[in-house]
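Trainee: There's a structure below that I have some questions on.
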Amino acid sequence: MPELPEVETLARELRETLVGRTITGVDVHWPRTVESPDPETFAQRLQDRRIREIRRRGKWLLVGLEGGDWLLLHLRMSGRLTLRERGAPEDPYLRLTLHLDDGRRLDFSDPRKFGRALLADSPDKALGNLGPDPLDPALTFQRLAAMLAGRRARLKPLLMDQRFLAGLGNIYADEVLWEAGLHPLRRADTLSPEEIERLYQALIAVLERAIRGGGTTLSDRRYLRLDGNPGDFASHLTVYGRAGQPCLRCGGEIFRISVNGRSAHFCNGCQK
DNA sequence: CGGGGGCTCCGGGGGC
DNA sequence: TGCCCCCGGAGCCCCC
Numbered sequence: 000m001p002e003l004p005e006v007e008t009l010a011r012e013l014r015e016t017l018v019g020r021t022i023t024g025v026d027v028h029w030p031r032t033v034e035s036p037d038p039e040t041f042a043q044r045l046q047d048r049r050i051r052e053i054r055r056r057g058k059w060l061l062v063g064l065e066g067g068d069w070l071l072l073h074l075r076m077s078g079r080l081t082l083r084e085r086g087a088p089e090d091p092y093l094r095l096t097l098h099l100d101d102g103r104r105l106d107f108s109d110p111r112k113f114g115r116a117l118l119a120d121s122p123d124k125a126l127g128n129l130g131p132d133p134l135d136p137a138l139t140f141q142r143l144a145a146m147l148a149g150r151r152a153r154l155k156p157l158l159m160d161q162r163f164l165a166g167l168g169n170i171y172a173d174e175v176l177w178e179a180g181l182h183p184l185r186r187a188d189t190l191s192p193e194e195i196e197r198l199y200q201a202l203i204a205v206l207e208r209a210i211r212g213g214g215t216t217l218s219d220r221r222y223l224r225l226d227g228n229p230g231d232f233a234s235h236l237t238v239y240g241r242a243g244q245p246c247l248r249c250g251g252e253i254f255r256i257s258v259n260g261r262s263a264h265f266c267n268g269c270q271k
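Be aware that the first sequence starts at 0, since it is given in this note's numbering, and climbs by one per residue.
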């Protein structure tokens, strides 16, 4: 599933191909994919608009249009963006198509239908509940420490709470905690300054490493890059999907447990 | 207020 | 082979 590194990879690829292009037409194949406004208005307001910039906040992709509107995309579980030439065959799960003035089209396909697209005049207002992005320079060690103070939640669910931090899903929350040597059930308000520093450095290091690898494509191939190729980071995962295997750091066993109804992978030996 | 559990939306695919 | 049900990101409701 696309998390921060996968969306960042797509954002960088879209920036190269989409900025300066004009949207010549919009097809809504599955109306519920469009959250707001209603699908007809959505398509009308995108028609003939020039794309000014591409940004990312957490797992949200932000497409800035000349004239002030923003197209916001969230891929959720199974959303995929593919840039295709005119006339290329559609895939069976196509939900939304943006036709571009260079003859190509951006296809948003999504088997699970959880992905969402919406138009907003201000992304910050529309995404007001989102926490800071871990790679935003505004997230300093001091700010992270202040965010953790007084939080009695366990680290794994807290890192996945998009209102706390925007961008981590199940894979990278597990990977960050392994990198930091912190147990997923550890209570957030019990971390020492030294442990907070490790968490802070791990967040940045793991996410930047995954972006350099072009994101994580698992065997289900749910996430693919804009051109349909897989990302390279799956082979660098340390705990996610490695239950029963030895820890790459201490040789201890990797466990898989359920936390708040979702899986958590960690090393029993070196995560405290 | 904050934490936590449950429900909803979906359908591929794992397990029986 | 066939069928049931689990799974999950995020928003929401409800309870403690």
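Cβ coordinates follow ideal geometry from the N, Cα and C atoms, glycine included. Quick caveat, the model's predicted, so the values are computed rather than measured.
Quick check on V205: does DSSP put it in helix, strand or coil?
Mentor: helix
Trainee: Taking C-beta to C-beta, are I50 and G19 nearer than 8 Å?
Mentor: yes
Trainee: In angstroms, rounded to a whole number, what distance separates the CA positions of P156 and P229?
Mentor: Going from the Cα of P156 to the Cα of P229 covers about 28 Å.
Trainee: Just to confirm, is the Cβ distance from L60 to L9 under 8 Å?
Mentor: yes
Trainee: Pull up the distance between the alpha-carbon of D68 and that of R197, whole angstroms please.
Mentor: 39 Å
Trainee: If we call anything under 8 Å between Cβ atoms a contact, is T21 one with D37?
Mentor: no
Trainee: Could you pull the DSSP bridge partners for E34 from this structure?
Mentor: DSSP, once it has assigned bridges, lists no residue as partnering E34.
Trainee: For D132, count the other beta carbons within 10 Å of its own beta carbon; 16 or more makes it buried, fewer makes it exposed. Which is it?
Mentor: buried
Trainee: Candidates R162, D100, S108, L138: which alpha carbon is nearest G130's?
Mentor: R162
Trainee: Buried or exposed: G57, going by 16 or more other Cβ atoms within 10 Å of its Cβ?
Mentor: buried
Trainee: Per DSSP, what kind of secondary structure is W69 in: helix, strand or coil?
Mentor: strand
Trainee: Specify the secondary structure class of W59 as computed by DSSP and reduced to three states.
Mentor: strand
Trainee: To the nearest angstrom, report how far apart E7 and I210 are at their CA atoms.
Mentor: Straight through space, the alpha carbons of I210 and E7 are spaced by roughly 7 Å.
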